[in-house]
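Take a look at the structure set out below.
Chains as they are written, first to last, in the numbering used here: chain H, 2 to 462; chain P, 2 to 462.
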């Protein structure tokens with residue numbers, strides 16, 4: 002039997018069990034952000050470790066960290082062949098707001114050939130399909146075509162605070178020729194997508210302090226500084242109506258885009274901008290009018306307010322002038338912009354924009370750098386072949402607007418090219434209620450990863 | 002024995018019991034804003050009713066309303082004498098934030114000759130001293146020098162939604178020559194204060210809607226409208242750095258102040274502006290620089306943001322772009338500005354300021370009109386005499402920046418002059434943790450009210 006057909010057949014014959022293994026993992030509510038799920042984090046890590054052991058990987062280990070544990074496994078019995086390090090994460094976003102879920106968030110439910118569950122698409126489903134690809138090859142061939150290492154973390158949704166130190170301390174153990182990260186969506190259901198760039202991020206809190214205590218707006222309204230008004234003035238100065246950011250120095254370090262990116266952004270051949278509108282339920286996109294929509298996401302810094310803490314936010318009317326408020330603000334940064342440098346510029350701008358009679362403090366809460374990925378590595382070539390074979394269409398190369406701190410760490414510390422791809426779909430409700438994953442794509446993903454490994458084995462570096 | 006001394010002596014002899022009656026009332030957590038305290042509202046109303054009955058008032062009634070009940074009582078055995086209607090309220094603000102209280106919020110505690118408890122100064126202490134003044138006169142003289150009606154409500158802290166309808170329907174029962182409202186602070190501990198004006202208020206919510214759901218700032222940051230940014234732009238346009246309000250038409254209807262107010266505001270003879278700074282812990286006051294501080298409070302409209310609802314407000318970093326946010330905003334309005342008219346102007350301005358690609362809705366949540374009080378009524382004269390006798394200094398007449406919807410209702414429906422005064426102090430922490438009331442002022446207040454009634458009986462209308 003043709004080997005490709007054999008692989009397809011094996012996957013087809015074991016669909017039910019493969020799905021059950023995923024469902025059991027999904028039932029563990031491994032929400033990294035919530036302390037009450039600490040035990041679930043260990044359960045989810047153990048589950049992955051046992052599965053990796055069972056399919057035949059070696060040196061399987063649940064590795065404690067200051068936060069949630071890592072899972073490591075390897076199969077290094079292909080001497081002379083390249084080594085691929087797979088990365089995934091078993092932690093998931095909180096299920097809030099739970100009332101908007103149509104099915105229980107931690108009970109996997111199949112509807113219309115989609116599997117609904119928190120974490121199914123981000124990233125347990127996409128991690129499980131890698132494990133199942135390895136299982137398939139080991140079952141069909143008794144071996145893998147290349148050497149494989151697997152590293153699964155439990156803190157991706159909280160900014161990956163622990164994995165960096167581990168990667169740096171164990172660079173030798175993790176040494177590889179390629180890092181493969183299966184944690185991203187396809188831009189369209191018929192078009193596989195490879196990410197060629199990520200934005201970095203600076204997440205900050207701007208605290209504005211007025212009077213030493215909350216005040217009654219009747220007795221003090223007219224002479225009291227209002228920190229909520231002050232934060233509005235500051236935010237309005239930082240980003241104007243046309244979404245231009247007014248942080249002196251910010252745009253100076255931006256680099257001109259490559260011809261490839263320029264053309265893709267200008268032409269938007271898949272009409273992705275239309276998809277964004279539909280997803281948002283809007284007739285028009287926002288953002289800097291003189292840049293094409295894809296460039297606004299892939300090539301320009303963004304500035305978003307996420308929440309304003311302070312004052313009275315319950316139903317009804319209370320006339321308090323709060324003494325102190327905090328705005329949560331993040332900026333996404335193209336690779337040329339360093340998060341700490343941008344923070345320093347932001348802090349300076351905020352202080353210069355603050356109205357008189359309030360005290361302003363700017364805090365750096367979290368940050369990560371952006372990155373660019375070369376499109377011409379052997380691993381990229383193998384990925385393109387495998388993706389095209391599965392989906393019938395060439396993959397597109399896009400710069401994502403998102404941030405993946407661990408990808409930057411891999412690229413820098415392991416000095417290996419990173420392949421960023423995945424089989425989630427734009428409407429999979431990542432980080433939102435009713436997260437889902439296409440069952441078709443789950444099984445297509447297994448096949449793609451198996452084929453990627455085979456192609457990677459035969460392409461010269 | 003001199004009659005004044007007799008009154009003083011009676012109060013002095015019964016201090017302990019008078020205080021115990023207040024403490025028992027304070028222990029009932031009659032928080033009108035919180036549904037879980039509904040039973041407490043009835044307990045607090047019953048308590049007042051029983052006390053009024055016990056001291057000898059008649060027709061005592063706990064009157065149900067669509068919200069919390071009213072308490073009514075009367076003593077009408079002074080034919081040919083004027084009738085004074087006393088108003089107070091038994092409901093209190095929520096105790097939040099409880100962790101900032103140094104003593105339990107609903108356990109009255111005496112420290113340094115102050116009584117600490119939620120509601121002690123606003124307004125149970127100030128209502129109780131009226132009851133105790135009536136009790137004192139009835140005990141000492143066996144009668145009151147004028148006819149008296151008492152109306153106590155349980156919804157003052159939530160905007161007095163029910164009392165208006167009752168007053169209108171029972172205008173005959175409540176008919177009187179004077180309304181006396183004991184619910185305000187003295188500007189300084191040595192200076193009794195009579196309020197000659199109140200600001201009205203328009204309390205609104207501005208809702209800004211962007212995308213149909215919350216979005217991930219990595220994937221959409223750059224093309225998604227951010228309602229928190231939009232609300233900041235709108236707020237910044239509505240009030241500028243110099244605290245000028247940009248609502249076309251707003252300032253047009255303001256009236257020139259009287260010479261009396263002009264002089265008081267310009268001269269600030271008690272240096273109240275300094276006290277505001279100290280209370281706020283600030284070196285400077287905010288507000289329109291070209292108007293004196295007292296005018297900013299007493300004669301100018303204010304614009305304050307109280308809270309912004311939506312997005313992520315928990316500790317940590319979450320990169321959500323909320324689909325919808327709401328800003329709670331109120332304006333305090335000098336008597337010449339009608340709350341509904343100002344709301345219409347505000348709504349128009351907000352819509353014209355809204356950036357493209359968001360939908361804006363402005364809601365009128367609550368409102369009340371301002372009022373001016375004549376300084377030359379017989380009741381005012383009686384109040385001045387009584388206050389000066391107690392405190393040694395002439396009372397000052399000030400326009401308050403606050404709002405008291407019920408005072409406007411009394412003035413309009415009952416067509417009777419309203420005396421607004423009280424014995425709270427500027428540092429009594431109204432609406433804040435560690436609310437207190439001076440025990441000296443509690444007993445001075447009892448004496449003052451008793452003397453006011455005697456003076457009112459002998460001054461011709």
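Glycine is no exception: its CB is placed at the ideal position from the N, C-alpha and C atoms.
Find the nearest neighbour of residue 144 (chain H) within the set H:462, H:461, H:451 and H:460, judged by alpha-carbon distance.
Here residue 144 (chain H) refers to the residue found at position 143 of the first chain. Nearest option by C-alpha distance: H:451.
Could you give the residue range of the alpha helix (DSSP H) that holds residue 26 (chain P)?
Your numbering for residue 26 (chain P) matches position 25 in the second chain. Bounds of the alpha helix (DSSP H) holding residue 26 (chain P) are 16-27.
Between residue 179 (chain P) and residue 373 (chain P), how many whole angstroms is the CB-CB distance? I'm expecting something under 8 Å.
Here the question's residue 179 (chain P) lines up with position 178 in the second chain. Here the question's residue 373 (chain P) lines up with position 372 in the second chain. Actually they do not touch by this definition, with Cβ atoms about 16 Å apart.
In this structure, does DSSP put residue 284 (chain H) in helix, strand or coil?
Taking the first chain and counting its residues from 1, the one referred to as residue 284 (chain H) is at position 283. Of the three classes helix, strand and coil, the one that applies to residue 284 (chain H) here is coil, per DSSP.
Any C-beta of chain H within less than 8 Å: which residues of the region 199-210 of chain P qualify?
From the region 199-210 of chain P, only 200, 202 and 204 have a Cβ closer than 8 Å to chain H.
Judging by CA-CA distance, which residue of P:62, P:85 and P:191 is the nearest neighbour of residue 455 (chain P)?
In the second chain, the residue the question calls residue 455 (chain P) occupies position 454. Nearest option by C-alpha distance: P:85.
Of all Cβ atoms in chain H, is any one closer than 7 Å to the Cβ of residue 49 (chain P)?
By one-based count along the second chain, residue 49 (chain P) stands at place 48. No, residue 49 (chain P) lies away from the interface with chain H (no Cβ there is under 7 Å from its Cβ).
In chain P, what lies closer than 9 Å to residue 298 (chain H) by C-beta?
Indexing the first chain from 1 puts residue 298 (chain H) at position 297. Ordered by position in chain P, the residues that pass the 9 Å Cβ test against residue 298 (chain H) are 219, 220, 221, 222, 223 and 224.
Per DSSP, what are the beta-bridge partners of residue 216 (chain P) in this structure?
For the purposes of this step, residue 216 (chain P) is taken as the residue at position 215 of the second chain. P:322.
Measuring straight from C-alpha to C-alpha, what distance separates residue 137 (chain H) and residue 19 (chain H)?
Working through the first chain from its first residue, we reach residue 137 (chain H) at position 136. Working through the first chain from its first residue, we reach residue 19 (chain H) at position 18. Cα-Cα distance, rounded: 10 Å.
Would you mind working out which of H:346, H:81, H:132 and H:35 sits nearest residue 22 (chain H), comparing C-alpha positions?
Here residue 22 (chain H) refers to the residue found at position 21 of the first chain. When each option's Cα is compared against that of residue 22 (chain H), the closest is H:132.
Within the chosen definition, does the region 257-272 of chain H reach the region 268-277 of chain P through at least 3 CB pairs nearer than 8 Å?
no
Does DSSP classify residue 379 (chain H) as helix, strand or coil?
Taking the first residue of the first chain as position 1, residue 379 (chain H) is located at position 378. Helix, per DSSP.
Starting from the beta carbon of residue 432 (chain P), find every residue of chain H whose beta carbon is closer than 7 Å, and list them in chain order.
The residue labelled residue 432 (chain P) in the question sits at position 431 within the second chain. Ordered by position in chain H, the residues that pass the 7 Å Cβ test against residue 432 (chain P) are 217.
Applying a beta-carbon distance threshold of less than 7 Å, which residues of chain P neighbour residue 358 (chain H)?
Reading the first chain from its first residue, position 357 is the one you call residue 358 (chain H). Under a criterion of Cβ atoms nearer than 7 Å, the residues of chain P adjacent to residue 358 (chain H) are, in order, 283, 285 and 287.
Whose Cβ in chain H lies nearer than 8 Å to the Cβ of residue 62 (chain P)?
Here residue 62 (chain P) refers to the residue found at position 61 when the second chain is read from its first residue. Near residue 62 (chain P) there are no residues of chain H at all, since even the closest Cβ is about 29 Å away, more than 8 Å.
If you scan the region 69-106 of chain P from start to end, which runs of the beta strand (DSSP E) of 3 or more residues do you find wholly inside it?
Note on the region 69-106 of chain P: whole beta strand (DSSP E) runs with a minimum of 3 residues are 71-76 and 84-90, in chain order.
Give the single residue among H:324, H:183, H:400 and H:326 whose Cα lies nearest to the Cα of residue 376 (chain H).
For the purposes of this step, residue 376 (chain H) is taken as residue 375 along the first chain, with counting starting at 1. That would be H:400, whose Cα lies nearest to the Cα of residue 376 (chain H).
Would DSSP call residue 224 (chain H) helix, strand or coil?
Counting from 1 along the first chain, the entry for residue 224 (chain H) is found at position 223. Residue 224 (chain H): coil per DSSP, three-state reduction.
With distances taken from CA atoms, which of H:140, H:171 and H:141 is nearest residue 152 (chain H)?
Walking along the first chain from the start, residue 152 (chain H) turns up at place 151. Taking only the C-alpha atoms, the option nearest residue 152 (chain H) is H:171.
Under 8 Å Cβ-Cβ, which residues of chain H neighbour residue 314 (chain P)?
The residue given as residue 314 (chain P) occupies position 313 in the second chain. Within 8 Å Cβ-Cβ: 308, 309, 310, 314 and 329.
In angstroms, rounded to a whole number, what distance separates the CA positions of residue 360 (chain H) and residue 322 (chain H)?
For the purposes of this step, residue 360 (chain H) is identified with residue 359 of the first chain, where counting begins at 1. For the purposes of this step, residue 322 (chain H) is identified with residue 321 of the first chain, where counting begins at 1. Roughly 15 Å separates the two Cα atoms.
Can you give me the C-alpha to C-alpha distance between residue 173 (chain P) and residue 77 (chain P), rounded to a whole angstrom?
Your numbering for residue 173 (chain P) matches position 172 in the second chain. Your numbering for residue 77 (chain P) matches position 76 in the second chain. Residue 173 (chain P) and residue 77 (chain P): Cα-Cα distance of roughly 14 Å.
Using the Cα positions of residue 46 (chain H) and residue 119 (chain H), report the straight-line distance between them to the nearest angstrom.
As a first step, residue 46 (chain H) must be located in the first chain, where it is residue number 45. As a first step, residue 119 (chain H) must be located in the first chain, where it is residue number 118. Those two C-alpha atoms are separated by around 16 Å.
Is DSSP giving residue 147 (chain H) helix, strand or coil here?
Position 146 of the first chain, counted from the first residue, corresponds to residue 147 (chain H). The answer is coil: DSSP assigns residue 147 (chain H) none of H, G, I, E or B.
Report the rounded CA-to-CA distance for residue 221 (chain P) versus residue 289 (chain H), giving the unit in angstroms.
By 1-based counting over the second chain, the position of residue 221 (chain P) is 220. By 1-based counting over the first chain, the position of residue 289 (chain H) is 288. Approximately 13 Å between the Cα atoms of the pair.
For the alpha helix (DSSP H) holding residue 45 (chain H), just list the boundary residues, first then last.
If you number the first chain from 1, residue 45 (chain H) lands on position 44. First-last of the alpha helix (DSSP H) with residue 45 (chain H): 39-56.
Per DSSP, residue 186 (chain P) is paired with what?
Translated into the one-based positions of the second chain, residue 186 (chain P) becomes position 185. DSSP output for residue 186 (chain P) lists P:425 as bridge partner(s).
Return yes when the Cβ of residue 156 (chain P) is within less than 7 Å of the Cβ of residue 33 (chain P), no when it is not.
On the second chain, residue 33 (chain P) is found 32 positions in, with the first residue counted as 1. On the second chain, residue 156 (chain P) is found 155 positions in, with the first residue counted as 1. Taking 7 Å as the Cβ cut-off, residue 33 (chain P) and residue 156 (chain P) qualify as a contacting pair.
Could you tell me whether any Cβ in chain H is nearer than 7 Å to the Cβ of residue 421 (chain P)?
One-based indexing of the second chain puts residue 421 (chain P) at position 420. It does not; no Cβ of chain H falls within 7 Å.
Assuming residue 1 (chain H) contacts residue 183 (chain H) (C-beta within less than 8 Å), just tell me the rounded distance between them.
One cannot answer for residue 1 (chain H) here, as it falls past the ends of chain H, which runs 2 to 462.
For residue 251 (chain P), which residues of its own chain have a beta-carbon under 7 Å away from its beta-carbon, when the five flanking residues on both sides are left out?
Start at 1 with the first residue of the second chain, and residue 251 (chain P) comes out as number 250. 302, 343 and 346, listed in sequence order.
With a threshold of 16 other CB atoms inside 10 Å of the CB of residue 1 (chain P), please say whether the residue is buried or exposed.
No answer is possible for residue 1 (chain P): the residues shown for chain P start at 2 and end at 462.
Output the residue ranges of the alpha helix (DSSP H) runs that lie fully inside the region 235-278 of chain P and measure 4 residues or longer, sorted by chain position.
260-268
Over what stretch of residues does the beta strand (DSSP E) that includes residue 194 (chain P) continue unbroken?
The residue labelled residue 194 (chain P) in the question sits at position 193 within the second chain. It spans 194-199 - the beta strand (DSSP E) in which residue 194 (chain P) sits, taken as one unbroken run.
For the alpha helix (DSSP H) that residue 449 (chain H) lies in, which residues bound it at each end?
By 1-based counting over the first chain, the position of residue 449 (chain H) is 448. 440-459 is the extent of the alpha helix (DSSP H) around residue 449 (chain H).
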